[in-house]
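Order-wise, the sequence lines are chains A, B and L.
Position one of the first sequence corresponds to residue 580 (the numbering used here), numbered consecutively onward.
Position one of the second sequence corresponds to residue 6 (the numbering used here), numbered consecutively onward.
Position one of the third sequence corresponds to residue 201 (the numbering used here), numbered consecutively onward.
Glycine included, C-beta positions come from ideal geometry on N, C-alpha and C.
Notes follow the structure.
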Amino acid sequence: MKINDALSGAALVALGAAVLWHIQGFPPMPGQKFGPAWFPGLIAAGLIACGALLAATRLRAATRDPLLALPAWTRRARPLASLAAVVAGLVVYVLAVDTLGFHITAVALLMVWSRLLGAAWRFALPVAGAATVIIHLAFYKLLKVPLPWGLLKGVVF
Amino acid sequence: MKAIVTRLVLAAALLVAGAAQAQYPQRPIQLIVPWGAGGGTDATARIIASLMEKELKQPINVVNRTGGSGVVGHDAIARAAPDGYTIGMITVEITMMHHVGLTALKHTDYAPIGLVNADPAGIHVRVDSAYKSTRDLIAAIKANPGKLKASGTGQGGIWHLAIAGLLKDQGVDPGALPWVPSNGAAPGLQDMVAGGVDVVPCSIPEARAMIDSGKVRALSIMDPNPPALYPNVPTLQKELGSKWAIAAWRVIAAPKGIPADAQRTLGAALKKVYDSKEYKDFMAGRGFGVIWADAEGTAKFMAKSDTDLGATLKAVGLAK
Amino acid sequence: MTLAVLSQALSLVLDPYVLWVVFASAAFGLFVGAIPGLTATMATALLVPVTFFMPPVPAIAAIVTATAMAIFAGDIPSCLLRMPGTAASAAYTDEAYAMTKKGHGEMALGAGLVFSAVGGLFGTAVLIAAAPALAEVALKFSSFEYFWLVVLGLSSAVFLTFGSPLKGVVSLLLGLLVAAVGLDNPAAFPRFTFGNAELSGGLTLIPIMIGMFAVSEILRNVAAMEQPWEMAQARIGNVFTGMWRLAKRYPLGILRGSALGTAIGALPGAGADIAAWMSYAISKKFSKEPEKFGTGHVEGIVEAGASNNSALAGAWIPSLVFGIPGDSITAIVIGVLYIKGLNPGPTVFMEKAPEMYAIFFIFIIANLLMLPLGVAAIKGAKQLLRAPRELLMPVILLFCIVGSFAINNSLFGVVLMLVFGLLAYVMEENGFPVAPAILGMVLGAMLEEHFISSMIKSDGRLLGFFERPIAGALGGLALLVIAWPLVRAWLERKGGKP
Numbered sequence: 580m581k582i583n584d585a586l587s588g589a590a591l592v593a594l595g596a597a598v599l600w601h602i603q604g605f606p607p608m609p610g611q612k613f614g615p616a617w618f619p620g621l622i623a624a625g626l627i628a629c630g631a632l633l634a635a636t637r638l639r640a641a642t643r644d645p646l647l648a649l650p651a652w653t654r655r656a657r658p659l660a661s662l663a664a665v666v667a668g669l670v671v672y673v674l675a676v677d678t679l680g681f682h683i684t685a686v687a688l689l690m691v692w693s694r695l696l697g698a699a700w701r702f703a704l705p706v707a708g709a710a711t712v713i714i715h716l717a718f719y720k721l722l723k724v725p726l727p728w729g730l731l732k733g734v735v736f
Numbered sequence: 006m007k008a009i010v011t012r013l014v015l016a017a018a019l020l021v022a023g024a025a026q027a028q029y030p031q032r033p034i035q036l037i038v039p040w041g042a043g044g045g046t047d048a049t050a051r052i053i054a055s056l057m058e059k060e061l062k063q064p065i066n067v068v069n070r071t072g073g074s075g076v077v078g079h080d081a082i083a084r085a086a087p088d089g090y091t092i093g094m095i096t097v098e099i100t101m102m103h104h105v106g107l108t109a110l111k112h113t114d115y116a117p118i119g120l121v122n123a124d125p126a127g128i129h130v131r132v133d134s135a136y137k138s139t140r141d142l143i144a145a146i147k148a149n150p151g152k153l154k155a156s157g158t159g160q161g162g163i164w165h166l167a168i169a170g171l172l173k174d175q176g177v178d179p180g181a182l183p184w185v186p187s188n189g190a191a192p193g194l195q196d197m198v199a200g201g202v203d204v205v206p207c208s209i210p211e212a213r214a215m216i217d218s219g220k221v222r223a224l225s226i227m228d229p230n231p232p233a234l235y236p237n238v239p240t241l242q243k244e245l246g247s248k249w250a251i252a253a254w255r256v257i258a259a260p261k262g263i264p265a266d267a268q269r270t271l272g273a274a275l276k277k278v279y280d281s282k283e284y285k286d287f288m289a290g291r292g293f294g295v296i297w298a299d300a301e302g303t304a305k306f307m308a309k310s311d312t313d314l315g316a317t318l319k320a321v322g323l324a325k
Numbered sequence: 201m202t203l204a205v206l207s208q209a210l211s212l213v214l215d216p217y218v219l220w221v222v223f224a225s226a227a228f229g230l231f232v233g234a235i236p237g238l239t240a241t242m243a244t245a246l247l248v249p250v251t252f253f254m255p256p257v258p259a260i261a262a263i264v265t266a267t268a269m270a271i272f273a274g275d276i277p278s279c280l281l282r283m284p285g286t287a288a289s290a291a292y293t294d295e296a297y298a299m300t301k302k303g304h305g306e307m308a309l310g311a312g313l314v315f316s317a318v319g320g321l322f323g324t325a326v327l328i329a330a331a332p333a334l335a336e337v338a339l340k341f342s343s344f345e346y347f348w349l350v351v352l353g354l355s356s357a358v359f360l361t362f363g364s365p366l367k368g369v370v371s372l373l374l375g376l377l378v379a380a381v382g383l384d385n386p387a388a389f390p391r392f393t394f395g396n397a398e399l400s401g402g403l404t405l406i407p408i409m410i411g412m413f414a415v416s417e418i419l420r421n422v423a424a425m426e427q428p429w430e431m432a433q434a435r436i437g438n439v440f441t442g443m444w445r446l447a448k449r450y451p452l453g454i455l456r457g458s459a460l461g462t463a464i465g466a467l468p469g470a471g472a473d474i475a476a477w478m479s480y481a482i483s484k485k486f487s488k489e490p491e492k493f494g495t496g497h498v499e500g501i502v503e504a505g506a507s508n509n510s511a512l513a514g515a516w517i518p519s520l521v522f523g524i525p526g527d528s529i530t531a532i533v534i535g536v537l538y539i540k541g542l543n544p545g546p547t548v549f550m551e552k553a554p555e556m557y558a559i560f561f562i563f564i565i566a567n568l569l570m571l572p573l574g575v576a577a578i579k580g581a582k583q584l585l586r587a588p589r590e591l592l593m594p595v596i597l598l599f600c601i602v603g604s605f606a607i608n609n610s611l612f613g614v615v616l617m618l619v620f621g622l623l624a625y626v627m628e629e630n631g632f633p634v635a636p637a638i639l640g641m642v643l644g645a646m647l648e649e650h651f652i653s654s655m656i657k658s659d660g661r662l663l664g665f666f667e668r669p670i671a672g673a674l675g676g677l678a679l680l681v682i683a684w685p686l687v688r689a690w691l692e693r694k695g696g697k698p
């Protein structure tokens with residue numbers, strides 16, 4: 580996704596302005612001259628300056644690009660579906676893992692992802708299982724990362 | 006066939022009943038530490054975890070959840086499922102942060118298991134500093150308000166309160182010693198040795214390496230008893246006749262609403278750990294103070310700490 | 201140091217149990233370092249409960265070995281998958297990945313391995329020889345000196361920018377803004393948290409790095425699935441080939457990287473990651489062919505690879521001598537030293553001399569052991585490349601998820617990873633470099649803290665920043681670095697358009 584520098588410059592100016600507006604509500608540090616608003620205020624000023632400079636440079640240039648240009652692959656179904664699956668899969672993981680447990684979620688997501696990317700069932704299934712087991716051994720057993728058991732809680736304990 | 010089914014059903018029923026009656030704990034326990042790995046709270050939590058493992062026959066995994074002046078970790082302990090499988094080490098800041106307005110969390114959001122440690126504040130200066138005694142130091146602060154600077158924890162932290170409270174006790178405006186916020190005692194001490202600030206009021210064990218290497222001098226301790234590590238360091242009572250005393254403490258606690266049997270089991274295990282030679286040796290070796298209170302005693306202790314520190318924070322102008 | 205002490209130290213080290221611990225923790229360190237999202241600091245924290253049941257020398261040996269291996273192993277996924285295994289590899293991740301794509305993967309990995317060992321040995325030599333003197337210098341640093349040091353570090357982010365410097369500055373500012381989120385500021389005021397407790401802890405760097413470096417790469421791969429894979433397909437043969445030639449070609453860079461790394465490591469608070477960033481920038485600045493940087497050129501990897509491993513040893517200098525941690529790893533180590541009765545302080549070299557020299561021997565052994573074990577780790581990791589990407593990508597994504605989760609054991613890490621993965625994808629598509637943003641996040645809190653501290657101490661006078669001799673010198677240097685591109689541009693304009 581190509582965004583015209585004029586547009587991203589404007590977005591940066593807007594971001595800087597939003598930060599400046601937001602930090603007006605920050606209280607001063609009791610007994611100190613330099614409060615929590617000082618540092619983000621300086622960053623916001625920098626963002627506004629850089630954004631304005633970026634937009635100005637772009638607008639002065641002779642060539643005129645479109646504000647937004649989408650690369651060729653976005654007009655085809657397959658890459659779009661894969662990209663959406665990656666993002667959607669991560670969202671699903673965050674929402675579902677505590678209920679379903681790590682193991683069920685991981686196997687399911689690995690299967691869906693590798694199938695969507697074009698893997699055959701006979702590879703997708705064993706790889707999903709093996710990867711989940713290896714991550715379980717390495718993270719849960721060795722490194723003691725508390726991966727949630729979810730539905731499997733009653734089965735394991 | 007029918008007999009087999011009956012037997013299976015019976016066996017299953019027995020298993021279920023057995024599981025229901027099984028003793029807590031059934032699986033590993035997580036112990037959350039709101040401060041970073043390597044600090045005093047982390048070290049204390051890890052020794053307790055390793056000794057409690059032996060008592061409870063289940064692994065205890067120590068997890069550091071740092072950030073936000075301790076709010077993040079304290080919040081994680083309070084919000085965990087109250088099933089006895091997540092506990093944590095809460096510190097003195099839980100009775101201070103809500104007065105300052107950092108968070109709404111209070112000590113009453115936890116089910117205490119036991120009080121295990123407390124370290125009184127000390128007063129430290131550079132070894133080549135002109136101030137040889139607390140009296141010299143306070144006189145200098147009074148004579149030149151704003152000239153000397155102090156550091157050792159965040160704005161409104163326990164050590165900031167310690168020195169502000171002492172100044173107020175001695176009739177000096179706490180604002181006469183501006184506070185430079187830092188991420189703990191170690192960076193504050195380093196800055197003092199480098200000449201950045203003049204006073205660091207932190208606990209004695211935190212300054213120990215610097216004192217032993219001849220960089221820092223401990224002037225006094227804000228406690229009725231002289232420090233075990235350096236018995237020659239005077240108490241405020243002895244030097245100034247002041248009754249001002251303040252200490253940072255650490256408590257093992259669980260989220261509120263934990264089953265009563267789990268709280269009892271944990272309390273009994275923690276008491277055994279506290280009484281063990283390993284714990285006493287470890288704490289003595291690092292110079293940490295030991296103090297014990299059971300669940301009920303800890304709740305009272307924290308309530309008193311909350312009232313006292315709240316009043317002091319207000320008195321010195323750190324809380325509204 | 202007498203012969204008796206040395207032989208005592210040797211007998212402590214050559215104990216079969218100690219050697220077994222060294223070997224096991226080496227394998228552990230390689231594993232942790234090679235997996236993106238698991239840091240050397242985390243490896244240390246995880247080792248502490250284990251070391252509790254060991255005698256002093258093997259306990260320290262486990263940490264020394266595991267961290268040295270982890271910092272090197274961070275280069276492996278940088279090279280093969282464009283994911284830094286540890287923050288210390290992030291400075292030259294793009295460079296190493298570009299080399300692998302050009303078919304020079306074995307040289308990138310070999311340079312990472314060999315010069316990691318060289319830097320580690322250099323740092324060890326300094327640690328042994330000059331520990332007390334160097335720590336004295338570092339101890340003279342107050343917030344003024346630190347402030348200027350951070351400014352110097354951030355200016356190096358501008359040198360790291362390829363393409364538009366303006367976009368580099370934007371990226372840096374975005375990184376600084378991210379660093380400002382949360383309670384972790386001098387006033388402990390919850391900034392930009394909107395009442396959310398997870399946000400009040402600030403945005404954790406590791407999940408963000410996994411997102412910006414790994415997830416963005418996966419997104420690019422997935423979008424371009426129909427085209428031939430861009431992932432490095434190079435055959436990786438003998439990684440030691442050509443290393444002697446490199447050593448002869450860049451002797452100054454190796455020395456400079458090792459020396460700077462050791463010095464930065466010895467400064468309290470600044471560790472291997474900052475050392476790598478600064479060394480990479482300096483390497484580019486002084487290179488005879490700076491235009492090749494970023495296109496898969498080995499020079500910066502040689503210098504920064506030596507730098508991050510030497511920083512590891514350098515960090516032990518103030519830790520052992522004064523009990524002040526040089527980085528986050530030694531912050532944990534100091535606790536272990538106390539537990540083991542090796543209380544840090546100048547006297548420890550007299551009272552516990554055999555143990556101290558045994559620790560020095562372990563440093564040497566660990567850095568030598570890195571060579572054979574590193575080759576084994578590289579060979580193992582290579583298998584990742586052979587796997588078909590429709591199977592590999594999902595598995596890597598799952599590793600990213602678990603790695604992001606493992607830092608705080610919080611799903612918020614996974615959310616951060618996704619958000620910053622998408623952001624980095626869009627940024628890179630439009631020519632905004634990602635590296636300055638990461639540097640801004642790493643140094644943002646430090647910059648603010650030291651600025652505010654210094655302002656409070658000097659009662660708001662900016663001149664106070666130059667009044668101390670070391671601060672004045674560092675400040676002058678920093679201003680020169682910032683002003684130089686402007687001066688050069690002005691000179692060029694004057695010369696070009698009379």
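Inspect the CB distances between the segment 126 to 134 of chain B and the segment 211 to 222 of chain B and report whether three or more fall short of 8 angstroms. yes
Counting only beta-carbon atoms, is B/K220 nearer than 9 angstroms to chain L? yes
Taking B/I209 as the reference, which of B/G189, B/I168, B/Y284, B/G292 has the closest Cα? B/G292
Does any residue of chain L have a CB that is nearer than 9 angstroms to the CB of B/D196? yes
For the beta strand (DSSP E) containing B/D266, name the first residue and the last one. Taken as a continuous stretch (DSSP letters only), B/D266 belongs to no beta strand (DSSP E), being part of the alpha helix (DSSP H) at 265 to 280.
Who are the near neighbours of L/F666 in its chain, counting only those whose CB is closer than 7 angstroms to its CB and skipping five residues on each side? G672, G675
Where DSSP assigns a beta bridge to L/S364, which residues make up the other side? According to DSSP, which records beta bridges pairwise, L/S364 is partnered with nothing at all.
Write down every uninterrupted run of the alpha helix (DSSP H) in the segment 47 to 125 of chain B whose length is 4 residues or greater and which is fully enclosed by it, in chain order. 76 to 84, 102 to 105
In whole angstroms, what is the alpha-carbon distance linking L/R668 and L/V351? 17 angstroms
So which of L/A577, L/N630, L/Y346, L/L206 has the shortest CA-CA distance to L/F651? L/Y346
What residues in its chain sit with their C-beta under 8 angstroms from that of L/A581, if we drop five residues either side in the sequence? A234, I276, P277, L280
Find the residues of chain L that neighbour B/D47, judging by a C-beta separation of less than 9 angstroms, and give them in chain order. A245, V248, I532, G535
For L/I737, collect the residues of the same chain with a Cβ closer than 8 angstroms to its Cβ; drop the 5 residues on either side in sequence, then sort them by chain order. Nothing can be reported for residue 737 of chain L: it is not among the residues displayed for chain L, which extend from 201 to 698.
Nearest chain D C-beta to A/P619 closer than 9 angstroms, yes or no? Protein chains A, B and L are contained in the structure displayed, whereas chain D is not.
Alpha carbon to alpha carbon, how far is A/H715 from A/Y672? Give it in angstroms, no decimals. 16 angstroms
Are there 16 or more other CB atoms within 10 angstroms of the CB of B/N237, so buried, or fewer, so exposed? exposed
List, in order along the chain, the chain A residues whose C-beta lies closer than 8 angstroms to that of L/V614? L669, Y672, V673
How would you call L/P428, buried or exposed, if buried means at least 16 neighbouring beta carbons within 10 angstroms? Residue placement at L/P428 cannot be trusted, given a pLDDT of 46 that sits under 50; what the coordinates show is reported in the next sentence. So L/P428 counts as exposed.
What first and last residue would you give for the beta strand (DSSP E) that runs through B/P260? 252 to 260
Can you tell me where the beta strand (DSSP E) with B/V295 in it begins and where it stops? 295 to 298
Check each candidate in B/A126, B/P117, B/A83, B/S55 and name the one with the smallest Cα separation from B/G302. B/P117
Please determine, among B/N122, B/L234, B/V204, B/G201, the residue with the shortest C-alpha to C-alpha distance to B/D217. B/L234
Cβ distance (whole Å) where A/A585 is taken to contact A/L669 below 8 angstroms: Not really, about 32 angstroms apart at Cβ, beyond 8 angstroms.
Using CA coordinates, which residue listed in B/G45, B/V204, B/I92 is at the minimum distance from B/G262? B/I92
Kindly say whether B/L314, judged by its beta-carbon, lies nearer than 9 angstroms to any beta-carbon of chain L. no
Alpha carbon to alpha carbon, how far is B/V321 from B/K173? Give it in angstroms, no decimals. 7 angstroms
If contact is defined by three or more beta carbon pairs under 8 angstroms, each pair taking one atom from either stretch, is the segment 601 to 618 of chain L in contact with the segment 299 to 316 of chain L? no
The ligand FAD and B/V221: does any heavy atom of the ligand fall closer than 8 angstroms to the residue's C-beta? Among the ligands in the structure shown, none appear at all, so the ligand FAD cannot be discussed.
Taking 8 angstroms as the cut-off, does the segment 437 to 456 of chain L touch the segment 412 to 422 of chain L (at least 3 CB pairs, one atom from each stretch)? no
Any chain B beta carbon closer than 9 angstroms to L/I656: yes
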